[in-house]
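Going by the numbering used here, the sequence shown opens with residue 737, and the numbers climb by one from there.
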Amino acid sequence: MDFSYTEEQLVLQDVARRIAQERIAPSAEHHDHTGEYPLENIRLLGENGLMGIQVPGEYGGAGMDTVASVLAIVEIAAADAAHATIVSVNNSLVCNSILRYGTEEQKQRYVGAIASGQAIGAFALTEPQSGSDATAMRCRAIRQADGSYVVNGKKSWITSGPVARYIVLFAMSEPEKGSRGITALVIDTDKPGFHRGKAEPKLGIRASATCEIEFTDFVVAPDEVLGAHGEGFRIAMSVLDAGRIGIASQAIGIARAAYEASLAYVRERQAFGAPIGSFQMIQSKIADMKCRLDAALMLTLRAAWLKDQGRPFSTEAAVAKLTASEAAMWISHQAVQIHGGMGYSKEMPLERYFRDAKITEIYEGTSEIQRLVIARNETGVR
Ligand code: COS
């Protein structure tokens, strides 16, 4: 067993850390406050390979592995979780879907633009009435005699929806077939029949711009179908397995930022004539934060490593996402408590970490769905 990172992984981590600290962190409070989408920073991340981390060089990406992607997303999330959401979705849901299931022509057409950050990608599975129960989707993609599809319906909670150029869309093409009736399509949002709703005001990750999208008699050409007709649900589930490693990485970044702020604070803050870090109740919190943070990172690296080896990683990705998201929530909660009034104040970023952490327990499969996936895979009982 070797716990060391490769030279390439460390270089990418360093690039991500530098951009995160020099460009993202200084404007994180502004983006959180205004909800303004950080387009300029996203372009910069794209120019440095961070919008297509695992995309091979021939398609314009950094050609790195999943472990490198974990390290990079952690650095970005430690500076600002909203940026990390945009990066994770673009990488692990959008680029990954097209690379894994697209034709050579589709890879050439879409991936270079998305991996460079020039065209932002989005992933549309959720609908106003269907989240965890993804097969209950109502958005329809009806196949025509010439092999094209006509799409009608709504999707909601679309990360980068207000700015996305290409969207990997899942729509029901044969409702009577349930999960085997869903087809995946790549949508060019410049075409007629596509409408965007206004950005949702949210508790956290406020700058990641989330909106509803709607299709009215939107025509998808046969060469814009991703994978086979009716294969969409399997595509969505397998891509979400990878996405969950990205969200676990985001959670670790948030947790690390909250933990490091707490370490600095307990060394400096005085009470009863001593730094508060000398009190056992604070020491207990610090030790538990450290254990949960390390466990989350180890489990996420394990899932990433398995994926890089081409081995099954669905259960391990769910274990990582569940552990890391609950660690982020717990650690950011403790960090607010350690900081007392300053933790509750907008003068420090602790309350932002606390708000941002919550989404990691919800999107790309709630904690309840992760438990369901883990238990089903472990027991074989459904
Ligand atoms: N990889 C590949 N295929 C998978 C898969 C995976 N991880 N998980 C399920 N499938 C396949 C199954 O093998 C099955 O295929 P067949 O029809 O060929 O047998 C098919 O998908 C249906 O699977 P299943 O019967 O398990 O589906 P369920 O309706 O019971 O749903 C859950 C399973 C609940 C786990 C799934 O709907 C889910 O993950 N929901 C959460 C969705 C989510 O994360 N939403 C957030 C959206 S992004 S913000």
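Don't be surprised by glycine CBs; every beta carbon is placed ideally from N, CA and C.
Just the Cα atoms here: how many angstroms apart are residue 1047 and residue 1040?
-> 10 Å
Near the ligand COS: residue 970 beta-carbon under 7 Å from a heavy atom | Taking non-hydrogen atoms of the ligand COS into account, the C-beta of residue 970 is found less than 7 Å away from one of them.
What does a CB cutoff of less than 7 Å around residue 1062 pick up in its chain, not counting 5 residues either side in sequence?
-> Excluding residues up to 5 positions away in sequence, 1097, 1103 lie with their Cβ nearer than 7 Å to the Cβ of residue 1062 in the same chain.
Would you check whether the ligand COS has a heavy atom nearer than 7 Å to the C-beta of residue 1105?
-> yes
So residue 909 and residue 877 are in contact, right, with Cβ under 8 Å, and what is the actual spacing, rounded?
-> 5 Å
Do residue 932 and residue 897 have their C-beta atoms closer together than 8 Å?
-> Judged by their CB atoms, residue 932 and residue 897 are nearer to each other than the 8 Å cut-off.
May I ask whether a heavy atom of the ligand COS can be found less than 7 Å away from the beta carbon of residue 868?
-> yes
May I ask which residues mark the beginning and end of the alpha helix (DSSP H) holding residue 1072?
-> 1050-1075
How many Å lie between residue 900 and residue 1105 at the Cα?
-> 27 Å
Drop a sphere of 10 angstroms on the beta-carbon of residue 1088, count the other beta-carbons inside from all chains shown, and report buried for 16 or more, exposed for fewer.
-> With 16 or more Cβ atoms within 10 Å of its Cβ, residue 1088 is classed as buried.
Between residue 944 and residue 740, what straight-line distance do the alpha-carbon atoms span, to the nearest angstrom?
-> 33 Å
Please report how far the alpha carbon of residue 1072 lies from the alpha carbon of residue 812, in whole angstroms.
-> 21 Å
In three-state DSSP terms, what is residue 973?
-> helix
Within the same chain, show all residues whose beta-carbon is closer than 7 Å to that of residue 784, passing over the 5 residues directly before and after it, in chain order.
-> Leaving aside the five residues that flank residue 784 on each side, the residues in its chain whose CB is nearer than 7 Å to its CB run, in chain order, 751, 755.
Whose C-beta lies closer than 7 Å to the C-beta of residue 808 among residues of the same chain, with five residues either side of it excluded?
-> 748, 749, 752, 786, 789
Quick check: the stretch 1064-1082 against the stretch 1008-1023, are there 3 or more CB pairs under 8 Å?
-> Judged by pairs of C-beta atoms under 8 Å, the stretch 1064-1082 touches the stretch 1008-1023, as three or more such pairs exist.
From the DSSP output, which residues share a beta bridge with residue 866?
-> Residue 866 pairs with 863.
Exposure of residue 960, with buried meaning 16 or more beta-carbon neighbours within 10 Å | By the beta-carbon neighbour count (other beta carbons within 10 angstroms, threshold 16), residue 960 is buried.
Which same chain residues, not among the five before or five after residue 825, have their C-beta less than 8 Å away from its C-beta?
-> If the five residues before and after residue 825 are omitted, its C-beta is found closer than 8 Å to the C-beta atoms of 857, 858, 859, 895, 896, 979, 982, all from its own chain and listed in chain order.
Cβ neighbours of residue 793 in the same chain (closer than 7 Å, five flanking residues each side left out) | The residues are 799.
Just tell me which of 1037, 1091, 1085, 936 has its CA closest to the CA of residue 771.
-> 936
How is residue 925 classed by DSSP in three states: helix, strand or coil?
-> coil
What are the residues that DSSP puts in a beta bridge with residue 895?
-> 946
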